[in-house]
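Peer 1: One structure, pasted below without further comment.
Number of protein chains: 2
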Amino acid sequence: MEEPKLQLIIDEYLPLRDVVFNTLRQGILKGELKPGERLMEIHLANRLGVSRTPIREAIRMLELEGLVTMIPRKGAEVARISKLDLRDVLEVRRSLDSLAVSLACERITEEEKQMLSKTEEDFEKAVTTRDATTIAEADVKFHDVILKASKNGRLVQMVNNLAERVYRYRLEYIKDSRNHQRLIEEHRKIMEYIGAGDAENARNAIETHIDNQEKNIISQLEL
Amino acid sequence: MEEPKLQLIIDEYLPLRDVVFNTLRQGILKGELKPGERLMEIHLANRLGVSRTPIREAIRMLELEGLVTMIPRKGAEVARISKLDLRDVLEVRRSLDSLAVSLACERITEEEKQMLSKTEEDFEKAVTTRDATTIAEADVKFHDVILKASKNGRLVQMVNNLAERVYRYRLEYIKDSRNHQRLIEEHRKIMEYIGAGDAENARNAIETHIDNQEKNIISQLEL
DNA sequence: ATAAAGCACATTGTATACAATAATATTATC
DNA sequence: GATAATATTATTGTATACAATGTGCTTTAT
Chain R
1 MEEPKLQLII DEYLPLRDVV FNTLRQGILK GELKPGERLM EIHLANRLGV
51 SRTPIREAIR MLELEGLVTM IPRKGAEVAR ISKLDLRDVL EVRRSLDSLA
101 VSLACERITE EEKQMLSKTE EDFEKAVTTR DATTIAEADV KFHDVILKAS
151 KNGRLVQMVN NLAERVYRYR LEYIKDSRNH QRLIEEHRKI MEYIGAGDAE
201 NARNAIETHI DNQEKNIISQ LEL
Chain S
1 MEEPKLQLII DEYLPLRDVV FNTLRQGILK GELKPGERLM EIHLANRLGV
51 SRTPIREAIR MLELEGLVTM IPRKGAEVAR ISKLDLRDVL EVRRSLDSLA
101 VSLACERITE EEKQMLSKTE EDFEKAVTTR DATTIAEADV KFHDVILKAS
151 KNGRLVQMVN NLAERVYRYR LEYIKDSRNH QRLIEEHRKI MEYIGAGDAE
201 NARNAIETHI DNQEKNIISQ LEL
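Structure (structure tokens):
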């Protein structure tokens, strides 16, 4: 009987519920806790060395976050993702990323432009390593700069939450080296349009970017 | 010392945490619990006749929902909403409502078209009552039909969550009878464009609709 | 041998008890 | 009288205890 090794993510003086929340969240995103897997309170409490109270509160949060599904009188399980869910998520994400880019065109500062340029270079370097996790992280950073440049905190939070849900699938997408060159080109275009303050073209570029992701992820699911 | 009368919203066999969640949520949305007001666990537990456990779990959910803010080692308070927050929320909502309308144009069924027409008539009737709550409810129903017609569950959930945050302010907007005729006209236009499957114009119409709300709400805050 | 009844167990839901901490009031000392 | 030290209290954070309920297994009766 092999147990996925949940590593407690300890941050001194963060309430245990948040520690547990982060731990379970990571476990789900990394795939250590698989969709459909039951999350039993006592079991988790023992494994993480805490009582049921913080576990329960963390589960409440994960539930609202959409990463966990409650089954009445049965308990929690890791949310299953259907093809329809994924379509819904990507549809919304496309729209919000598009908004973010267009806001960024208006609101980006000079410093942020330089930052964007730097993260884009980092991304190109990351691609040469051929390590999926490294590339994924560089990609996240690039998009993060754009998001933050939108100066809309709510938007940042919502897009991150959506991105979270497709993280596992995007990782597969990024592993496929056939996509690398296109990713770089798309990033460059997006960056240039933002730099020029050309919202119209920047929107189109990011929408294409997301569409390509979507096609790829959906074709994965069809296997 | 006058206490706002939180009415427990009892739904047989719903866990207490959800009952408490709904109760507090309504209290906040209706303004019985005011922004900045502290939510103390024992206090609430006594008033609602339950223990601290369900109260705490409800607070965790309200926190993720954004209706409550946690202050470290101090507890929860009803979320304060700043002008900037409001701008952020409306900016995102505008974009998502626009998406919903355009999806609805593609995916709406005949039944839903009739439903939309009916809720629009209901809205016009509600306006004649001059009762803000009645009008607000009819307005919510109208928008709900459009949202559901988008056939995107995630989108429905996200827009509802955003709408929640501006509920109180929109109520003020709706109270002002000078806006009524324009609201009706906007609704009619939106409905017609959706009926005709004209996504382009439908988007513009709903964006104008939200923009008008935004202007009005922001001018309220400036008083 | 099979089906039904009942019992034991596992698990969630709720309440309470205990610990830690921060804010406030009180007292003692200068 | 003012200030610092201390005690008290209010409140959150965490653990445990108790209640209710559903599930699966065992036992018994037909």
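Residue numbers (our numbering), protein chains in the order written: chain R, 1 to 223; chain S, 1 to 223. All C-beta atoms, glycine included, are put in the ideal place defined by N, C-alpha and C. This one's a predicted model, so the numbers in the text were calculated from it and none came from an experiment.
#1: Less than 8 Å between the CB atoms is what I'm expecting for A202/S and I184/S, so what's the real figure, rounded?
#2: What is the DSSP secondary structure of E222/S, reduced to helix, strand or coil?
#3: Quick check: what's the CA-CA separation for L147/S versus F142/R?
#4: Would S95/R pass as an interface residue toward chain S - the criterion being a Cβ-Cβ separation below 8 Å?
#5: Closest Cβ-Cβ distance between D211/R and chain S: below 8 Å?
#6: Would the beta-carbon of E57/S fall within 8 Å of that of R60/R?
#7: Is any beta-carbon of chain S found at less than 8 Å from that of E111/R?
#8: Identify, in the order they occur along the chain, each residue of the same chain with its Cβ nearer than 7 Å to the Cβ of A100/R, setting aside the five sequence neighbours on each side.
#9: Run the CB neighbour count on D97/S, radius 10 Å, all protein chains shown included, and call it buried at 16 or more, exposed below.
#10: Note down, in chain order, all residues in the segment 138 to 159 of chain R with a beta-carbon under 7 Å from any beta-carbon belonging to chain S.
#11: Does any residue of chain R bring its CB to less than 8 Å from the CB of M61/S?
#12: For the segment 83 to 112 of chain S, which segments carrying the beta strand (DSSP E) assignment without a break, of at least 3 residues, lie completely within its bounds, in sequence order?
#13: Among I217/R, L221/R, G197/R and K118/R, which one has its Cα closest to the Cα of A163/R?
#14: Check for me: the beta strand (DSSP E) holding V50/S runs from which residue to which?
#15: Consider the Cβ of M1/S: report whether some Cβ of chain R lies at a distance smaller than 8 Å.
#16: Going by DSSP, what residues sit across from E77/S in a beta bridge?
#17: Touch check for the segment 33 to 52 of chain R and the segment 73 to 81 of chain R: three-plus C-beta pairs under 8 Å?
#18: Could you spell out the range, first to last residue, of the alpha helix (DSSP H) harbouring K189/R?
#19: Which residues of chain S have a Cβ atom closer than 9 Å to the Cβ of V92/R, listed in chain order?
#20: Beta-carbon of E207/R versus every beta-carbon of chain S: anything under 8 Å?
#21: In chain order, what residues of the same chain have a beta carbon less than 6 Å from the beta carbon of A138/S, not counting five sequence neighbours either side?
Peer 2: Working from what's here:
#1: About 17 Å separates the two Cβ atoms, so there is no contact after all.
#2: Note: E222/S maps to coil in three-state DSSP.
#3: CA-CA distance, L147/S to F142/R, rounds to 32 Å.
#4: Yes, S95/R counts as interfacial toward chain S.
#5: Using a CB distance cut-off of 8 Å, D211/R does not count as an interface residue toward chain S.
#6: Note that the C-beta distance between E57/S and R60/R is below 8 Å.
#7: Judged by the 8 Å Cβ criterion, E111/R is not in contact with chain S.
#8: Here the set comprises I146, L147, S150, L155 and V159.
#9: D97/S counts as buried, since at least 16 other C-beta atoms from the protein chains shown sit within 10 angstroms of its C-beta.
#10: The segment 138 to 159 of chain R vs chain S, Cβ under 7 Å: N152, G153, R154, L155 and M158.
#11: Output row for M61/S: interface = yes.
#12: None, since the segment 83 to 112 of chain S contains no complete beta strand (DSSP E) of that length.
#13: Checked all of I217/R, L221/R, G197/R and K118/R; the closest Cα to A163/R is I217/R.
#14: Looking at the DSSP string, V50/S is not in any beta strand (DSSP E), and its letter there is neither H nor E.
#15: A caution first: M1/S carries a pLDDT of 42, below 50, which makes its placement in the model too unreliable to give a value.
#16: The partner list for E77/S (beta bridge, DSSP) reads R38/S and T69/S.
#17: As far as the Cβ criterion goes, the segment 33 to 52 of chain R touches the segment 73 to 81 of chain R, which means the pair count is three or higher.
#18: Unbroken alpha helix (DSSP H) run through K189/R: H180 to G195.
#19: Chain S residues near V92/R: L96, L99, N152, R154, L155 and M158.
#20: Contact with chain S is absent for E207/R, since none of that chain's Cβ atoms lies less than 8 Å from the residue's Cβ.
#21: For A138/S, where only same-chain residues beyond five positions count, the Cβ hits under 6 Å are D122, F123 and A126.
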